[in-house]
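**Q**
Numbering (the numbering used here), first residue to last: 19 to 121.
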């Protein structure tokens with residue numbers, strides 16, 4: 019796990035609620051099947067934050083109603099976007115601090 023993690027195993031529901039609210043969505047939006055562009059980053063970020071907080075692939079995917087391949091793709095997408103766009107890396111860190119999993 020990354021250096022600086024402070025709140026391992028924070029409840030998935032709590033992480034999803036914080037991320038959804040931060041982007042003006044509901045948890046139901048994150049759990050839904052909508053593929054609108056403005057929802058992809060928050061959904062992937064919520065999944066990633068849950069994994070980064072120490073939850074297993076299985077538990078995160080079960081809670082979000084997705085298969086494990088979806089979380090693998092979300093992680094890959096977050097890494098790719100954060101590498102290509104430094105401002106998204108800053109956003110990821112800001113949200114992680116807001117969620118309480120980073121110092």
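Heads up, the beta-carbon is just placed ideally off N, CA and C, and yes, glycines get one too. Just so we're clear, the structure is a prediction, and the values are computed from it rather than from any experiment.
Whose C-beta lies closer than 6 Å to the C-beta of residue 114 among residues of the same chain, with five residues either side of it excluded?
**A** For residue 114, where only same-chain residues beyond five positions count, the Cβ hits under 6 Å are 120.
**Q** For residue 66, which of 118, 57, 94, 45 has the nearest alpha-carbon?
**A** For the residues 118, 57, 94, 45, the minimum Cα distance to residue 66 belongs to 94.
**Q** May I have the straight-line CA-CA distance separating residue 33 from residue 101, to the nearest angstrom?
**A** About 23 Å.
**Q** Out of 28, 36, 88, point me to the one whose CA is closest to residue 51's CA.
**A** Ranking the options by Cα distance to residue 51, first place goes to 88.
**Q** Between which two residues does the alpha helix (DSSP H) containing residue 85 stretch?
**A** Element bounds for residue 85: n/a, residue is neither H nor E.
**Q** DSSP beta-bridge partners for residue 49?
**A** Answer is none; residue 49 lacks a bridge partner.
**Q** Should residue 70 be labelled buried (16 or more other beta-carbon atoms within 10 Å of its own) or exposed?
**A** Residue 70 should be labelled buried.
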